[in-house]
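These notes concern the structure reproduced below.
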Amino acid sequence: MPQVRAERFIRLDPETAFALSQTTGAFRLTWDPFISAQAFLDGATAAGKGVRTRTVSRMGLKMVSEYVSYTPPRNVGMTMVSGPWFFENFGGGWRFTPDDGGTRAVWKYTFSCRPALVKPLAEKIGGWLLGREIERRIEAFAKACENPALVAELRAKGTGVGDT
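And the structure:
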């Protein structure tokens, strides 16, 4: 399956970087250029392994995904339950590791396309498009992590993030 990857050095501790990456609602929309709406499903009020979310991209594409891993402040992984017709499979993983007084954020998306007749071409185009999107998204995340007002707001929200 094709995979796209993006990486950035973040000048925050892993706990704060992870917490910012997992924000929801209006706060999330201040930094994430990919989504226009996101909501927990099945009565869930917070992220966790087995929790499902519904995400709408700014392009109008809808996806229901499920957290397959959730290990703050190290990693989060999700897989598509249902989504755009052209994805046979889709999964993502975001990893946060301590690095030189900050955090190394590595985000990956793995996917396969359908129908079989156009799969090779669709996956080539998908790799290019998703590669651009993941770069754009992690760059926006990195800029949000450098925004003192956003980081202060995150900490004030009581996300369990310390003042480190």
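Start counting the sequence shown at 0; every next residue gets the next number (numbering that gives the first Met the number 0). Note that the Cβ used here is the ideal one computed from N, Cα and C, for glycine as well.
{"Asked": "Where do the ends of the beta strand (DSSP E) carrying Trp84 lie?", "Found": "Here Trp84 belongs to no beta strand (DSSP E), and DSSP marks it neither H nor E."}
{"Asked": "Drop a sphere of 10 angstroms on the beta-carbon of Asp31, count the other beta-carbons inside from all chains shown, and report buried for 16 or more, exposed for fewer.", "Found": "buried"}
{"Asked": "Throw me the rounded Cβ distance for the Gly101 and Arg10 pair, which I believe falls under 8 Å.", "Found": "5 Å"}
{"Asked": "Going by DSSP, name the residue or residues bridged to Gln21.", "Found": "In the DSSP output, where bridge partners are listed per residue, Gln21 has none listed."}
{"Asked": "Report buried or exposed for Leu19, applying the criterion of at least 16 other Cβ atoms within 10 angstroms of its Cβ.", "Found": "buried"}
{"Asked": "Taking all protein chains shown into account, do 16 or more other C-beta atoms lie within 10 angstroms of the C-beta of Asp162, making it buried, or fewer, making it exposed?", "Found": "The pLDDT assigned to Asp162 is 36, lower than 50, so where the model puts this residue is not dependable, and the model offers no usable value."}
{"Asked": "How long is the line joining the alpha carbons of Pro83 and Glu145, rounded to whole angstroms?", "Found": "33 Å"}
{"Asked": "Compare the C-alpha of Arg57 against each of Ser64, Arg51 and Gln37 and name the closest.", "Found": "Gln37"}
{"Asked": "For Glu134, which option in Lys61, Trp106 and Phe89 has the closest C-alpha, if you only look at C-alpha atoms?", "Found": "Trp106"}
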